[in-house]
Amino acid sequence: MTLNTFIDLVYLLAAIGFILALKGLSSPKHARNGNLLGAAAAAVAVGFTFAYPSVRAHTLNLVLTLVAMVIGAAIAVPAARKVKMTAMPQMVAIFNGVGGGAAALISVVVFLIQAPGKPAVYRIAEVLFGVLVGCVSFSGSAIAFAKLQELMTGRPVTYPAQQVINAVVGVAIVSLAIGTLVTGSVPLLVATALLSLVLGVIFVLPIGGADVPVLISLLNSFTGLAVAASGFTLNNNLLIIAGTLVGASGILLTRIMSKAMGRSLANVLFSAFGSVVTATGGADGAGETRTVKTGTPEDIGVLLAYARKVVIIPGYGLAVAQAQHTARELADLLMERGVEVFYAIHPVAGRMPGHMNVLLAEANVPYEELKEMDEANPEMATTDVALVVGANDTVNPAAKNTPGSPIYGMPIINADEAEHIVFLKRSMRPGFAGIDNDLLFDDKTTLLFGDAKDTLAKLVAAVRDA
Amino acid sequence: MSTGILEFLTVFILAGFVGIEVISAVPSILHTPLMSGSNAIHGIVLVGTILIMGDAHGAVQITLCFLAVLLATLNIVGGFVVTDRMLEMFKPKPAERPAKASDTSNDDAAGGAK
Chain A
0 MTLNTFIDLV
10 YLLAAIGFIL
20 ALKGLSSPKH
30 ARNGNLLGAA
40 AAAVAVGFTF
50 AYPSVRAHTL
60 NLVLTLVAMV
70 IGAAIAVPAA
80 RKVKMTAMPQ
90 MVAIFNGVGG
100 GAAALISVVV
110 FLIQAPGKPA
120 VYRIAEVLFG
130 VLVGCVSFSG
140 SAIAFAKLQE
150 LMTGRPVTYP
160 AQQVINAVVG
170 VAIVSLAIGT
180 LVTGSVPLLV
190 ATALLSLVLG
200 VIFVLPIGGA
210 DVPVLISLLN
220 SFTGLAVAAS
230 GFTLNNNLLI
240 IAGTLVGASG
250 ILLTRIMSKA
260 MGRSLANVLF
270 SAFGSVVTAT
280 GGADGAGETR
290 TVKTGTPEDI
300 GVLLAYARKV
310 VIIPGYGLAV
320 AQAQHTAREL
330 ADLLMERGVE
340 VFYAIHPVAG
350 RMPGHMNVLL
360 AEANVPYEEL
370 KEMDEANPEM
380 ATTDVALVVG
390 ANDTVNPAAK
400 NTPGSPIYGM
410 PIINADEAEH
420 IVFLKRSMRP
430 GFAGIDNDLL
440 FDDKTTLLFG
450 DAKDTLAKLV
460 AAVRDA
Chain X
0 MSTGILEFLT
10 VFILAGFVGI
20 EVISAVPSIL
30 HTPLMSGSNA
40 IHGIVLVGTI
50 LIMGDAHGAV
60 QITLCFLAVL
70 LATLNIVGGF
80 VVTDRMLEMF
90 KPKPAERPAK
100 ASDTSNDDAA
110 GGAK
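Rendered as structure tokens:
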């Protein structure tokens, strides 16, 4: 067996490792081992790559490779270890973006190496695909990161002549790509790469709010496809398999997520949600003048302490306040008093689908106390108190009752069916989607303003005294 | 078109079906780890960057390759570490819990989770 065949065999094993890793990740029991298996497969594949004589042919190149890997690991490990669980979505976005950037760079360098002669057209097409998709993923992820990290507004950004500008950039990229295909010219390829970076930015800018996580999933899938394209360019099956696995599963995951929000993927990507929202908000008009009922922590503490069944509905506000531990403390206290307590988790609670489960798992809330929406909703009608902590859109009855609303059709947790509803909110500001919530003005509803962690701590004290 | 490309296309198509198949039944509680885990897997682009660095000549190519290796390392290392941290929290918990969890900082709680 030649060395090359042997390395290919190692790559095949790594590819199997990745498939098993993905499979493991889809069940809670095997997820962690799956991920470790994936990491091991990756480490072995990377290690054996150094067995290629070409990789070790030039000392300078080899040293630079190792230096870059050391620097990369030195940055990535602390960043990944220290990131707060609430900041997870933007962390995934940035790691995804750099992967897309790396794939695009591979394609560019391959093209530069072959530059003097004109490669076959399908070769150029592979390079173009890698460059275009990789660049869009890179710059798009960077903007998504900035939005989630609140370096810029998280709301959809719209500007005059948006459609026209998009069309111009789109047509320019297509023309440049065709030009590159025909001529094999390096400057044209570089221009395509730069314009693709612009495309990534203008593609992501109008997507905002609750749609950003869906977008990250889509960009993740894009990076996978860009990596697969690099695999074609380098004649490397491992990159093709790993990239395609992620590309295909990412697109499916993106669709599952948009479905959980009751919308089509096209609607998520191209509707500029926020602009529609302000329009409907204005039409409602009356919103400003309606009054809400606020309560003291003591009142609400008594209400909770003497309830039979309390459902806690957490949202992103709980996450930003790092209040998951305090929420658990309150739940434990109520359970000690014999109150039935569970958490109702909306599939898109938090800033990423499944995000809330991660956060509550961090606070050691046992599985059995977490109920998914479909499981929780039949119980809402017999619930005494629905305690909504930092959530808003996921309990907004407009999703059921107001056909004109932008969130109409999104499945919600039926907090409105409970006997009492208590909202812990920072302010009257609308939620992620930017729409008023009629439930806040309902007679059954009591509001307690403040940081979720503070107000929960006050409730804990109040329940103790009750 | 050579037969080489056809072989790679075959692999591509089959891998696509496998990708869809393996995650078609994923529960929503695992969407975040799954996204993060698949993000780590495409970090294997690192292999490609190492290979292409071996063929690079001249300052421009080598600089671009250096950047590519750096970015790919960030992707693969960061991706797997972050996913592992997330999944650590999904480990099965002991049936009985301490009555009062100390409300420590995020990192400590994560590290100390059983």
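Protein chains in written order, with numbering that gives the first Met the number 0: chain A, 0 to 465; chain X, 0 to 113. All residues carry an ideal CB built from backbone N, CA and C; glycine is no exception.
Quick check on the DSSP output: the beta strand (DSSP E) that includes residue i runs from which residue to which?
i, result
"Glu-371 of chain A", "369 to 371"
"Leu-386 of chain A", "384 to 388"
"Tyr-342 of chain A", "339 to 344"
"Ile-421 of chain A", "Here the sequence assigns Val to residue 421 of chain A, which means Ile is not the residue at that position. Val-421 of chain A -> beta strand (DSSP E) spans 419 to 424."
"Ile-18 of chain A", "Looking at the DSSP string, Ile-18 of chain A is not in any beta strand (DSSP E); the run it does join, the alpha helix (DSSP H), is 2 to 24."
"Lys-308 of chain A", "308 to 313"
When the Cα atoms are used, what is the spatial distance from residue i to residue j?
i, j, result
"Ile-6 of chain A", "Ala-41 of chain A", "13 Å"
"Lys-83 of chain A", "Thr-293 of chain A", "32 Å"
"Ala-13 of chain A", "Val-46 of chain X", "12 Å"
"Phe-448 of chain A", "Phe-221 of chain A", "41 Å"
"Ile-75 of chain X", "Gly-98 of chain A", "8 Å"
"Pro-27 of chain A", "Ala-50 of chain A", "36 Å"
"Phe-422 of chain A", "Pro-159 of chain A", "38 Å"
"Glu-418 of chain A", "Lys-443 of chain A", "7 Å"
"Leu-455 of chain A", "Ala-326 of chain A", "6 Å"
"Leu-458 of chain A", "Leu-127 of chain A", "58 Å"
"Asn-78 of chain X", "Ser-263 of chain A", "One detail in the question is off: residue 78 of chain X reads as Gly in this sequence, not Asn. C-alpha separation (whole angstroms): 28 Å."
"Met-379 of chain A", "Thr-393 of chain A", "14 Å"
"Leu-238 of chain A", "Met-351 of chain A", "27 Å"
"Val-185 of chain A", "Met-0 of chain A", "39 Å"
"Val-291 of chain A", "Val-387 of chain A", "15 Å"
"Gly-389 of chain A", "Phe-202 of chain A", "30 Å"
"Phe-144 of chain A", "Pro-212 of chain A", "10 Å"
"Gly-18 of chain X", "Ala-20 of chain A", "11 Å"
"Thr-381 of chain A", "Arg-425 of chain A", "28 Å"
"Leu-131 of chain A", "Met-87 of chain A", "27 Å"
"Asp-470 of chain A", "Leu-446 of chain A", "This structure leaves residue 470 of chain A out entirely; chain A is present only between 0 and 465."
How is the alpha helix (DSSP H) around residue i delimited, first residue to last?
i, result
"Lys-443 of chain A", "That residue, Lys-443 of chain A, is in no alpha helix (DSSP H); it is neither H nor E in DSSP."
"Asn-165 of chain A", "161 to 182"
"Ile-255 of chain A", "236 to 259"
"Thr-64 of chain A", "58 to 81"
"Thr-232 of chain A", "211 to 233"
"Val-462 of chain A", "451 to 464"
"Arg-428 of chain A", "Segment: none, Arg-428 of chain A is in no alpha helix (DSSP H) and carries neither H nor E."
"Tyr-407 of chain A", "From DSSP, Tyr-407 of chain A is part of no alpha helix (DSSP H); its letter is neither H nor E."
"His-354 of chain A", "354 to 361"
"His-324 of chain A", "323 to 335"
"Ala-103 of chain A", "87 to 113"
"Ile-299 of chain A", "296 to 304"
"Gly-33 of chain A", "30 to 48"
Could you tell me how far apart the beta carbons of residue i and residue j are, in whole angstroms, since I believe they sit closer than 8 Å?
i, j, result
"Ala-176 of chain A", "Cys-134 of chain A", "The pair is not a contact, with the Cβ atoms about 12 Å apart (cut-off 8 Å)."
"Val-347 of chain A", "Ala-259 of chain A", "6 Å"
"Ala-225 of chain A", "Ala-102 of chain A", "4 Å"
"Ile-51 of chain X", "Leu-233 of chain A", "7 Å"
"Val-21 of chain X", "Ser-25 of chain A", "7 Å"
"Ile-172 of chain A", "Ser-136 of chain A", "The Cβ separation is near 15 Å, so there is no contact."
"Leu-104 of chain A", "Leu-66 of chain X", "6 Å"
"Ala-466 of chain A", "Phe-11 of chain X", "Outside the shown range of chain A (0 to 465) lies residue 466 of chain A, about which nothing can therefore be said."
"Glu-335 of chain A", "Met-88 of chain X", "Glu-335 of chain A to Met-88 of chain X, Cβ: 24 Å. No contact."
"Ile-411 of chain A", "Asp-441 of chain A", "Their Cβ separation, rounded to whole angstroms, is 14 Å, which puts Ile-411 of chain A and Asp-441 of chain A out of contact at 8 Å."
"Val-54 of chain A", "Leu-63 of chain X", "The pair is not a contact, with the Cβ atoms about 17 Å apart (cut-off 8 Å)."
Quick check on residue i - is its C-beta less than 8 Å from some C-beta in chain A?
i, result
"Ala-24 of chain X", "yes"
"Leu-5 of chain X", "no"
"Ala-58 of chain X", "no"
Using a Cβ-Cβ cut-off of 8 Å, state whether residue i counts as contacting chain X.
i, result
"Met-87 of chain A", "yes"
"Pro-469 of chain A", "Shown here, chain A extends from 0 to 465; a query on residue 469 of chain A therefore has no answer."
"Gly-208 of chain A", "no"
"Met-260 of chain A", "no"
"Tyr-407 of chain A", "no"
"Met-351 of chain A", "yes"
"Ser-257 of chain A", "no"
"Leu-104 of chain A", "yes"
"Ser-184 of chain A", "no"
"Tyr-51 of chain A", "yes"
"Pro-296 of chain A", "no"
"Ser-138 of chain A", "no"
"Val-181 of chain A", "no"
"Gly-314 of chain A", "no"
"Gly-223 of chain A", "yes"
"Phe-94 of chain A", "yes"
Length-filtered (3 minimum) beta strand (DSSP E) runs lying within the region 11 to 74 of chain X: none
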